[in-house]
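Peer 1:
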Amino acid sequence: MTKGQWAIILVLATLVVIVFGIAAWLYLQPVGPVVLDTPTPWRPPTFPPTWTPVPTWVPTATEQMRRAQATLTAIAAKTATVQARVEAALVQFPPVEIGLRMDAGTVGMTLLRAGWVRYGTIWMRVRMENHGAEPLHVAPASFTLIDTQEKHHPLNQEETRAAKDGLQEMDLAAGAAAEVVLIFSVEPGSLPGQLVYEDGSNPTLALDLYNWLLNREE
């Protein structure tokens, strides 16, 4: 054999020894447990809290005080207006158009006009209507005036009878209407409050003249 052939054989033998050496070394290594990656526990998804819009302007304490003062001023002005109307009405209450109306059962009542005859005595023109199928008996005793001191005053029949169109006992035919004058006297220092009609057959009618007086448009 030539030198070249011996060199090749020597190289191959060396490679065989190296391969078997590596295999033997790997075989002799201790085999440990295989460690797997620990799984990440599942957690429910989290969401950001609901967004709440922030107001672009918040009233300051000064602004709140200004608003409160404006409210108090308006209330004071309203109170002063009411008081002025009460004081004026105690002195002078000329006949004015009113038009308060109420219906109940088979009867209707409208307060058309009212005013002082003199201080303490009030004159009222009232329209009575019969909505029923039978005649409606209208008597002076069916009318009462409640003043602002909550005192009840019957009709001043003497002055009512003497007045033009003053109420007398009457029977309204079915579907008919009539205008009559009523005169009441009230306590000194008080104003007429409610005009009440009660005949015992129909629901009570009550027209609030006092609140109309305080809240009417000038």
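Here the numbering used here is used: the first residue of the sequence shown is 469, the next is one more, and so on.
Glycine included, every Cβ here is placed at the ideal spot set by N, Cα and C.
It should be emphasised that the depicted structure is a prediction, and the values quoted were computed from it without experimental measurement.
#1: Less than 8 angstroms between the CB atoms is what I'm expecting for T628 and I651, so what's the real figure, rounded?
#2: So, is N598 buried or exposed, given that buried needs 16 or more other C-beta atoms within 10 angstroms?
#3: Here's the rule: buried if 16 or more other CB atoms are within 10 angstroms of the residue's CB, otherwise exposed. What is R593?
#4: What is the rounded straight-line gap between the Cα of Q537 and the Cα of E531?
#5: Quick one: is I480 buried, meaning 16 or more other Cβ sit within 10 Å of its Cβ, or exposed?
#6: Distance, Cα to Cα, D676 vs I566?
#7: Could you give the DSSP three-state label for T530: helix, strand or coil?
#8: What is the rounded straight-line gap between the Cα of D633 and the Cα of A642?
#9: Taking K619 as the reference, give the member of A630, L640, L663 and I486 with the closest Cα.
#10: Do you know offhand how far V654's Cα is from E626's?
#11: Mind checking Y587: buried by the 16 CB within 10 Å criterion, or exposed?
#12: So what's Y587 in DSSP terms, helix, strand or just coil?
#13: Using alpha carbons as the reference points, say which of V649, G573 and S610 lies closest to P622.
#14: Using the three-state DSSP reduction, which class does L604 fall into: helix, strand or coil?
#15: Could you tell me the distance, in whole angstroms, from the CA atom of M533 to the CA atom of Y665?
#16: Is the separation between the beta-carbon of L604 and that of L640 shorter than 8 angstroms?
#17: Would a C-beta distance cut-off of 8 angstroms place Y678 and P660 closer than the cut-off?
#18: I'd like the list of long-range same chain contacts for L673, defined as Cβ closer than 6 angstroms, with 5 residues on each side in sequence excluded.
#19: On the three-state DSSP scale, how would you describe R535?
#20: DSSP state of E627, grouped into three classes?
#21: Among I614, E602, V606 and T574, which one has its Cα closest to the Cα of E637?
#22: Alpha carbon to alpha carbon, how far is R684 from A646?
Peer 2: Once the coordinates are examined:
#1: 5 angstroms
#2: buried
#3: buried
#4: 10 angstroms
#5: Checking the sequence, you will find Leu at residue 480 rather than Ile. Looking at its Cβ environment, which holds fewer than 16 other Cβ atoms inside 10 Å, L480 is exposed.
#6: 11 angstroms
#7: helix
#8: 21 angstroms
#9: L663
#10: 15 angstroms
#11: exposed
#12: coil
#13: S610
#14: strand
#15: 48 angstroms
#16: yes
#17: yes
#18: M570, A572, M577 and Y665
#19: helix
#20: helix
#21: V606
#22: 26 angstroms
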